[in-house]
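Everything below concerns the one structure shown next.
There are 2 protein chains.
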Amino acid sequence: MVEVRPLGMFDSGIGGLTVLDAISRRVPRESIVYFGDTARLPYGTKSKETVTRFSQEIVRFLMTKNPKLIVVACNTASAYSLPVIRSMVDIPVVGVVEPGAEAALRVTRNNKIGVIGTRATIQSGAYLEAVQSRKPEAKVFSKACPLFVPLIEEGWVDHPVTLEVAQHYLEHLAACEVDALILGCTHYPLLKGVLEQVVRPGVVLVDSAEETAREVKEVLSGKGMLASSLIGPQAELYVSDMHLNLRLQIERFLGFAVPRIKVVNSEFEEVELQGI
Amino acid sequence: MVEVRPLGMFDSGIGGLTVLDAISRRVPRESIVYFGDTARLPYGTKSKETVTRFSQEIVRFLMTKNPKLIVVACNTASAYSLPVIRSMVDIPVVGVVEPGAEAALRVTRNNKIGVIGTRATIQSGAYLEAVQSRKPEAKVFSKACPLFVPLIEEGWVDHPVTLEVAQHYLEHLAACEVDALILGCTHYPLLKGVLEQVVRPGVVLVDSAEETAREVKEVLSGKGMLASSLIGPQAELYVSDMHLNLRLQIERFLGFAVPRIKVVNSEFEEVELQGI
Chain A
184 MVEVRPLGMF
194 DSGIGGLTVL
204 DAISRRVPRE
214 SIVYFGDTAR
224 LPYGTKSKET
234 VTRFSQEIVR
244 FLMTKNPKLI
254 VVACNTASAY
264 SLPVIRSMVD
274 IPVVGVVEPG
284 AEAALRVTRN
294 NKIGVIGTRA
304 TIQSGAYLEA
314 VQSRKPEAKV
324 FSKACPLFVP
334 LIEEGWVDHP
344 VTLEVAQHYL
354 EHLAACEVDA
364 LILGCTHYPL
374 LKGVLEQVVR
384 PGVVLVDSAE
394 ETAREVKEVL
404 SGKGMLASSL
414 IGPQAELYVS
424 DMHLNLRLQI
434 ERFLGFAVPR
444 IKVVNSEFEE
454 VELQGI
Chain B
184 MVEVRPLGMF
194 DSGIGGLTVL
204 DAISRRVPRE
214 SIVYFGDTAR
224 LPYGTKSKET
234 VTRFSQEIVR
244 FLMTKNPKLI
254 VVACNTASAY
264 SLPVIRSMVD
274 IPVVGVVEPG
284 AEAALRVTRN
294 NKIGVIGTRA
304 TIQSGAYLEA
314 VQSRKPEAKV
324 FSKACPLFVP
334 LIEEGWVDHP
344 VTLEVAQHYL
354 EHLAACEVDA
364 LILGCTHYPL
374 LKGVLEQVVR
384 PGVVLVDSAE
394 ETAREVKEVL
404 SGKGMLASSL
414 IGPQAELYVS
424 DMHLNLRLQI
434 ERFLGFAVPR
444 IKVVNSEFEE
454 VELQGI
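Protein chains in written order, with our numbering: chain A, 184 to 459; chain B, 184 to 459.
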């Protein structure tokens with residue numbers, strides 16, 4: 184019997200399900216173990232040290248599932264903690280920042296790239312570095328948009344207030360004449376409708392989920408690790424807290440209902456929570 | 184030498200500093216140890232089980248400081264976890280929900296009381312219970328306002344968007360003709376200016392910080408535990424994460440700069456974080 188080694192993925196919460204969705208469409212035979220740190224989210228307002236410590240704890244948990252590859256499906260954790268995570272494990276680790284930067288470089292015509300994300304992602308400078316290490320003459324204009332995640336979690340993805348907030352945040356980037364805008368947070372693809380109303384015509388919105396999925400396939404393929412088994416693929420979904428509206432939000436991100444969500448405590452032991 | 188036993192306080196973050204501020208003005212001789220769980224905030228979107236577990240961990244930490252009284256300066260933790268916390272310790276525990284309910288009952292003339300708070304606080308029904316156990320004929324109308332905390336943390340306390348969000352949230356409460364509105368979250372006193380523009384004239388905004396401070400003084404005085412020492416009072420401020428804009432936010436809440444903030448890790452051991 185062939186041993187099925189899953190892909191391990193994590194995010195501060197469930198925004199990374201946009202990446203899971205893209206991966207499961209691109210490599211549909213792979214099994215996936217996903218961890219959302221819903222007890223401690225968000226990461227985007229917290230320090231590098233704390234985000235790195237949380238990431239290390241989660242990677243240690245994922246490693247108990249014997250994964251063949253780790254996807255850091257969180258921009259903040261990718262921006263802050265990728266080197267530390269790569270030093271912890273001897274399997275490939277794919278973040279979302281580098282694929283997003285590469286995709287933006289492919290679509291830009293004037294080499295002016297915008298990046299929006301959490302305060303932590305923007306202050307880390309990770310996208311700037313990823314873009315300019317590949318193309319030093321490219322210019323990066325970035326803007327932290329801390330209200331986007333709360334607005335999305337409130338379900339206001341097409342609310343007039345969200346449009347107004349987006350206009351406020353993107354005013355400066357528009358003046359910089361960027362022609363590619365990296366959605367540097369896994370929640371943001373849900374705001375595409377609003378963002379398209381705010382950016383100038385012709386600006387390409389770069390969703391790192393698709394690019395990350397492409398990168399995952401390339402790495403697996405390059406190492407001869409693509410699943411060939413006839414055993415049906417599985418997705419296991421772990422969260423550190425099952426809060427009031429989480430199931431609803433999960434369905435909003437995935438577009439379909441998840442049959443069973445497992446909850447773990449701070450020691451990463453599975454627990455039963457009431458009322459779920 | 185008289186042993187100085189401090190007051191122990193905690194909140195999910197630093198919003199509880201509005202309560203610390205009120206207490207330190209009402210009982211200025213008391214020393215205070217404050218813990219803000221900035222690594223795991225917010226609590227208001229998380230489950231009862233998780234909020235209670237976090238609260239228990241923090242109370243165990245505070246108890247190592249030998250406090251004479253615990254103040255749960257967080258509406259969500261007060262709403263979800265007060266009975267569990269009271270069962271853990273043999274010192275008085277004061278939450279913010281009961282003082283807020285009592286204050287609202289003192290000021291209402293038509294017995295129609297509005298409550299705004301986090302989703303968790305509102306869904307807990309704690310204010311409804313606290314009001315109706317004291318005055319069964321009083322009516323409580325409540326509304327979760329999940330965007331207020333992110334707007335405040337973005338510094339948009341008098342931004343047009345915040346006014347629009349407040350109008351949206353409070354529309355229903357206005358129609359219910361409440362004449363007292365409980366600010367059921369320690370962040371909300373910073374929105375008083377905006378809220379006053381949105382509520383009907385004559386509606387009293389009830390800030391539980393002041394009421395909680397009054398309750399703390401009453402309990403201490405009733406038990407003969409008020410500090411009489413001539414040793415100058417001290418405030419110790421602990422947080423579980425020192426993130427990018429925290430010092431700025433702390434000054435916004437307190438109105439003055441804090442000389443030294445101590446940071447603890449997940450085992451509640453003091454650590455040094457870079458770049459603070």
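From the three backbone atoms N, C-alpha and C, an ideal C-beta is built for every residue, glycine too. Since the model is a prediction, treat every value here as computed from it, not as a measurement.
Same chain, Cβ closer than 8 Å to residue i, five either side skipped, listed in chain order
{"i": "lysine 445/A", "result": "Glu419, Leu420, Tyr421, Val422, Glu453"}
{"i": "arginine 208/A", "result": "Ala396"}
{"i": "leucine 203/A", "result": "Met192, Ile215, Tyr217, Ala256, Ala418, Leu437"}
Distance CB(residue i)-CB(residue j) smaller than 8 Å
{"i": "valine 254/B", "j": "isoleucine 206/B", "result": "yes"}
{"i": "leucine 364/A", "j": "valine 382/A", "result": "yes"}
{"i": "proline 329/B", "j": "threonine 301/B", "result": "yes"}
{"i": "valine 332/B", "j": "leucine 366/B", "result": "no"}
{"i": "leucine 403/A", "j": "valine 210/A", "result": "yes"}
{"i": "aspartate 424/B", "j": "lysine 229/A", "result": "yes"}
{"i": "tyrosine 310/A", "j": "alanine 284/A", "result": "yes"}
{"i": "valine 234/B", "j": "alanine 313/B", "result": "no"}
{"i": "leucine 356/B", "j": "arginine 317/B", "result": "no"}
{"i": "lysine 322/A", "j": "isoleucine 305/A", "result": "no"}
{"i": "alanine 410/A", "j": "glutamate 213/A", "result": "yes"}
{"i": "isoleucine 335/B", "j": "leucine 378/B", "result": "no"}
{"i": "isoleucine 362/B", "j": "glycine 376/B", "result": "Residue identity differs from the one stated: residue 362/B is aspartate in this sequence, not isoleucine. Not a contact, by the Cβ cut-off of 8 Å."}
{"i": "leucine 346/A", "j": "glutamine 380/A", "result": "yes"}
{"i": "valine 187/B", "j": "serine 325/B", "result": "no"}
Neighbour-count burial assignment, residue i, 16 or more Cβ in a 10 Å radius
{"i": "serine 261/B", "result": "buried"}
{"i": "glutamine 432/A", "result": "buried"}
{"i": "aspartate 341/B", "result": "exposed"}
{"i": "glutamine 292/A", "result": "Here residue 292/A is arginine; the residue named in the question, glutamine, does not match the sequence. Classification for arginine 292/A: exposed."}
{"i": "arginine 443/B", "result": "exposed"}
{"i": "glutamate 398/A", "result": "buried"}
{"i": "alanine 358/A", "result": "exposed"}
{"i": "glutamate 394/A", "result": "buried"}
{"i": "glutamate 360/A", "result": "exposed"}
{"i": "lysine 251/A", "result": "buried"}
{"i": "glycine 405/A", "result": "exposed"}
{"i": "glycine 199/A", "result": "buried"}
{"i": "glutamate 401/A", "result": "exposed"}
{"i": "glutamate 455/B", "result": "exposed"}
Cβ-based neighbour list, residue i, same chain, cut-off 7 Å, excluding 5 preceding and 5 following
{"i": "lysine 248/A", "result": "Pro189, Gly191, Val216"}
{"i": "valine 242/B", "result": "Ile253, Ile268, Met271, Val272"}
{"i": "glycine 458/B", "result": "In this prediction, glycine 458/B scores a pLDDT of 48, lower than 50, which makes its location untrustworthy; the coordinate-derived value is nonetheless stated afterwards. Excluding sequence neighbours, glycine 458/B sits near nothing in its chain."}
{"i": "valine 280/A", "result": "Asn258, Ser261, Ala262, Ala309, Tyr310, Ala313"}
{"i": "histidine 426/B", "result": "Thr221"}
{"i": "valine 348/A", "result": "Leu330, Leu334"}
{"i": "glutamine 350/B", "result": "Val381"}
Test: residue i CB closer than 8 Å to a CB of chain A
{"i": "serine 214/B", "result": "no"}
{"i": "aspartate 471/B", "result": "What the structure shows of chain B is the stretch from 184 to 459, and residue 471/B is not part of that stretch, so it cannot be assessed."}
{"i": "proline 266/B", "result": "no"}
{"i": "leucine 388/B", "result": "no"}
{"i": "arginine 223/B", "result": "yes"}
{"i": "proline 282/B", "result": "no"}
{"i": "glutamate 337/B", "result": "yes"}
{"i": "valine 348/B", "result": "yes"}
{"i": "leucine 334/B", "result": "yes"}
Residue-level contact to chain B via CB, residue i, 8 Å cutoff
{"i": "lysine 229/A", "result": "yes"}
{"i": "valine 344/A", "result": "yes"}
{"i": "threonine 233/A", "result": "yes"}
{"i": "valine 361/A", "result": "no"}
{"i": "leucine 330/A", "result": "yes"}
Same chain only: Cβ atoms within 6 Å of residue i, ignoring 5 sequence neighbours per side
{"i": "leucine 265/B", "result": "Gly278"}
{"i": "serine 195/A", "result": "Asp220, Leu224, Pro225, Tyr226, Cys257"}
{"i": "glutamate 450/A", "result": "none"}
{"i": "proline 319/B", "result": "none"}
{"i": "alanine 440/B", "result": "Glu434"}
{"i": "serine 391/A", "result": "Val279, Pro282, Gly283"}
{"i": "valine 290/B", "result": "Ala363, Val387"}
{"i": "phenylalanine 244/A", "result": "Phe451"}
Could I get the ranges of all uninterrupted beta strand (DSSP E) runs contained in the segment 366–426 of chain A, with 3 residues as the minimum, in chain order?
Entirely contained in the segment 366–426 of chain A, the beta strand (DSSP E) runs reaching 3 residues are, in chain order, 387–390, 418–422.
Within the segment 194–223 of chain A, note down every full beta strand (DSSP E) run reaching 3 residues or more, in order along the chain.
Listed in chain order, they are 215–219.
Would you list, in sequence order, the uninterrupted alpha helix (DSSP H) runs of no fewer than 4 residues that lie entirely inside the segment 317–362 of chain A?
331–336, 343–358
Beta strand (DSSP E) runs wholly inside the segment 258–320 of chain A, at least 3 long, in chain order
295–300
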